[in-house]
Amino acid sequence: MKDPYEVLGLTKDSDPDQLRARYEALKARYGEQRYQDGEIGNEGARLLNELESSWKIIESNIKKREASKKFGGDYGRLDNLIRAGSYDEAQDVLDSVADRDAKWHYYQSIIFYKREWLSESRAQLVIALQLDPNNQKYKESLRKLDLVMGNPNAKANDIGVGQGPYTYDDGARYQQQQQQYQQQTATDSAMNTCANCAMCYCMSELCCSMSRCCH
2 MKDPYEVLGL TKDSDPDQLR ARYEALKARY GEQRYQDGEI GNEGARLLNE
52 LESSWKIIES NIKKREASKK FGGDYGRLDN LIRAGSYDEA QDVLDSVADR
102 DAKWHYYQSI IFYKREWLSE SRAQLVIALQ LDPNNQKYKE SLRKLDLVMG
152 NPNAKANDIG VGQGPYTYDD GARYQQQQQQ YQQQTATDSA MNTCANCAMC
202 YCMSELCCSM SRCCH
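Per the numbering used here, the very first residue in the sequence shown carries number 2; after that it's consecutive.
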């Protein structure tokens, strides 16, 4: 496929208004040409289809460029939107960031996490760590997320994913939750042990009674 900007006879750096004007002019020209007879009409139809396919790509790039100017990859604003629960708008801001670096994938993991899409959140954290393997915040976030995913009784928003701007649950609450979970696990284990002991005792008594009956 030809470069979409070459189809318009312009470049990627051309002004958006200039791109739109050229698209409309060519659309009108090819639209008339396609109704002519013979090969000229066929060529007009082909060029129109090529123009429309190219314009979809160019228009998408224009929107991304305009969104980037509007939001400017503003992670501070992104933070406020997530805190307010405006996840759709937060996603729009994140999508406007052209540089998909480790930080971008970390923030994407946060949005997925807040939507309770844990598997998707984890996948983004893994990518973030691949791009920035020494980042302790990302490592701790992944550890906590794995803890949540490994605990079927934990809901997605019970424990904050990471440390930093997205730790909405403070450390004290996190520690308290882990202590509660560990205490509950210990209690369940103790109850199971007692139940097993009681069962063994009952089986022993039953065996003794049967033995006496036999004699």
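Where is the CB? At the ideal position from N, CA and C, for every residue including glycine.
Asked	Found
CA-to-CA distance, TYR107 to ARG66, given in whole angstroms	22 Å
Range of the contiguous alpha helix (DSSP H) that encloses SER120	119-132
Nearest candidate by alpha-carbon position, reference ILE128, set VAL149, LYS115, GLU117 and TRP105	TRP105
CA nearest to the CA of PHE113, picked from ARG101, ALA99 and GLN92	GLN92
Unbroken alpha helix (DSSP H) run spanning SER142, endpoints	137-151
Three or more C-beta pairs below 8 Å linking the segment 52-66 and the segment 18-30	yes
Residue from GLN131, LEU132 and TYR88 with nearest C-alpha to ILE111	TYR88
Three-pair Cβ contact test at 8 Å for the segment 30-38 versus the segment 76-85	no
C-alpha gap between ARG123 and THR12, whole angstroms	39 Å
GLN37 - containing alpha helix (DSSP H), residue span	No alpha helix (DSSP H) contains GLN37, which DSSP labels as neither H nor E.
Where the alpha helix (DSSP H) containing LYS1 begins and where it ends	Missing from the structure shown is residue 1; the chain here goes from 2 to 216 and no further.
C-alpha gap between GLN109 and ILE63, whole angstroms	23 Å
Rounded distance between the beta-carbons of LEU126 and LEU148, thought under 8 Å	Actually they do not touch by this definition, with Cβ atoms about 13 Å apart.
Cβ-Cβ distance between SER55 and LEU9 below 8 Å	yes
Assigned exposure category for LYS3 - 16 Cβ within 10 Å defines buried	exposed
Buried or exposed by the 16-neighbour rule on C-beta atoms within 10 Å, applied to PRO134	exposed
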